[in-house]
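One structure is given below, encoded as structure tokens.
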Amino acid sequence: MKYLLPGALAVSTFCLGFAQSPIETDLVVSHGLVVTMDSERHVISDGAVAIQGDTIQEIGPSTEITARYRSKRVIDAQGALILPGLINGHTHLPMSLFRGLAEDRALQDWLKNYIFPAEARNVTPDFVVWGTRLSLLEMIRGGTTTVADMYYFEDDIARAVKSAGMRGVLGETIIGFPAPDNKTSEAAFAYVKRFLDSWNHDPLITPAVAPHAIYTCPEDLLKRSAALAREYRAPILMHIAEAYPEVESSRREHGASPVQYLARIGVLGPDLTGAHCVWLDDSDIRTLKEHQVGCSYNPSSNMKTAAGVMPAPALLAAGVAVGIGSDGAASNNNQDMFEEMDLAPKLQKLARMDPTALPAEQVVAMATIVGARALHMDKQIGSLEPSKKADLILIDIS
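Residues 300 to 697 in my numbering are what the sequence shown spells out, letter by letter.
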């Protein structure tokens, strides 16, 4: 954005010797290589970002921004890349404390025989707080500024995320058996309502409703979860079609794929982000697009549990917003978005025997602006543009 003056006024101002007073601002980050990830993918080789409060005021060449703004604080980003903060589209933050548990297991075996029992024995508010803090530390060191999480005791997770200064889309998990925090479905829905009421207008925390999956939630829970989310205009986070046994059981029990079943019962919608979305056919992809569902591609997790390879190129080609996530550290075993950005295209290239299957620019977009779109937050975050939130990172490239 540039400040332009009408020609006559510009001349008269120059002749009278007047100078425009510098604009006061809180922070200027200057002399970096700015990769905006805006719609035209503007890159500024010696660029600067002016920030007031938590909002971007202006982006442009360093010479212009530093002349136009007088800042309380200046960061010299010489030798650094200035990039939108990375968006981790799916994880379970406290599971950093389960890192390395139950290696070399398929998803259903891993979940039912190891993870669910371990959660029943160990997950408490204290466990959740410390596991979340560990994951947040790892994420901050790795350039993540926004995280989508679904777990238990989500109110405690929200406080930890907010105190770390990160942005979170945080969903309290609803599941069809006694959970560590809520032993009945009625207790779970009461908790979720309190959670939504507490965080509904927070500047950093977006509270969400998170029915776990179709294989752990009966239809009534799925419908009630979606209805509650829409009553509060809250996002829905959910695992969808992660491994083939889920597809088999869905066809056997519901006569449809997981995606078609969720569409039929009214759960799919533009407020939903589906984690994994691995086992999809062309009809499923069209349905996700029609319902404006966002998806999270979690390559490390899918590789570790041998769940399969998400058809990310086909989803993107169809116009579905696909972000990137780490999943929980227990199925990864870390929270490193740069590792996910490295593996995401490699897995697609290998699976399709096509070196162009997922280009580098597309991967960066998936971790930033397209990831924001997958969480239905692209008006606020995901690119460096005036009036958007000033979620940015510096990467040393010197």
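By construction, the Cβ of each residue, glycine as well, lies at the ideal position given by its N, Cα and C atoms.
All figures in this text were calculated on a predicted structure; none of them were measured in a lab.
Is the beta carbon of residue i less than 7 Å from the beta carbon of residue j?
i, j, result
"residue 583", "residue 549", "no"
"residue 326", "residue 372", "yes"
"residue 596", "residue 545", "no"
"residue 644", "residue 662", "yes"
"residue 497", "residue 508", "no"
"residue 436", "residue 456", "no"
"residue 693", "residue 376", "yes"
"residue 320", "residue 345", "no"
"residue 628", "residue 394", "yes"
"residue 535", "residue 561", "no"
"residue 688", "residue 353", "yes"
"residue 392", "residue 636", "no"
"residue 461", "residue 520", "no"
"residue 459", "residue 432", "yes"
"residue 379", "residue 430", "no"
"residue 383", "residue 587", "no"
"residue 610", "residue 656", "no"
"residue 480", "residue 450", "no"
For residue i, tell me which candidate among the options has the shortest Cα-Cα distance.
i, options, result
"residue 578", "589, 538 and 624", "538"
"residue 660", "340, 320, 327 and 323", "340"
"residue 348", "695, 697, 696 and 690", "690"
"residue 388", "380, 445 and 544", "445"
"residue 471", "460, 519 and 448", "448"
"residue 364", "354, 488, 394 and 324", "324"
"residue 402", "605, 614 and 678", "605"
"residue 370", "457, 516, 586 and 328", "328"
"residue 608", "588, 642 and 627", "642"
"residue 499", "526, 480, 454 and 487", "454"
"residue 625", "599, 614 and 501", "599"
"residue 590", "675, 385 and 486", "675"
"residue 440", "638, 359 and 350", "638"
"residue 356", "443, 374 and 322", "322"
"residue 411", "565, 476 and 359", "476"
"residue 708", "473, 488, 505 and 482", "In the structure as shown, the chain starts at 300 and stops at 697, and residue 708 therefore has no counterpart that could be examined."
"residue 414", "678, 478 and 640", "478"
"residue 580", "568, 603 and 540", "540"
Looking only at DSSP bridge pairs, what is residue i linked to?
i, result
"residue 443", "385"
"residue 516", "Beta-bridge pairing links residue 516 to no other residue."
"residue 466", "445"
"residue 320", "Answer by DSSP bridge pairing: none, since residue 320 is not bridged."
"residue 341", "According to DSSP, residue 341 bridges with nothing at all."
"residue 510", "473"
"residue 695", "379"
"residue 327", "349 and 373"
"residue 504", "467"
"residue 599", "Its beta-bridge partners do not exist; DSSP assigns none."
"residue 574", "538 and 595"
"residue 334", "342"
"residue 450", "471"
If you measure from the CB of residue i, is any heavy atom of the ligand ATP nearer than 6 Å?
i, result
"residue 350", "Annotation note on the ligand ATP: not contained in the displayed structure, which lists no ligands."
| request: Quick one: which unbroken beta strand (DSSP E) runs of 3-plus residues sit fully inside the region 346-401? Chain order, please. | output: 354-360, 368-375, 379-383 and 385-390
Runs of 3 residues minimum, wholly inside the region 521-561: which ones carry the beta strand (DSSP E) assignment? 535-539
**Item:** Entirely enclosed alpha helix (DSSP H) segments - the region 618-663, minimum 4 residues
**Value:** 636-651
- Message: For the structure I just gave you, are there three or more beta carbon pairs, one from the region 330-337 and one from the region 654-669, closer than 8 Å?
- Response: yes
Quick check: the region 609-619 against the region 421-431, are at least 3 beta-carbon pairs closer than 8 Å? no
- Pair every Cβ in the region 506-520 with every Cβ in the region 553-569, then say whether three or more of these pairs are closer than 8 Å. yes
Three or more C-beta pairs under 8 Å: does that hold for the region 626-633 against the region 395-408?
yes
Three-pair Cβ contact test at 8 Å for the region 485-495 versus the region 519-538: yes
Counting Cβ pairs, one atom from each stretch, are 3 or more of them under 8 Å apart for the region 404-421 and the region 648-655?
no
ask   = Which whole runs of the alpha helix (DSSP H) in the region 405-429 are 4 residues long or more, in chain order?
value = 406-409 and 415-421
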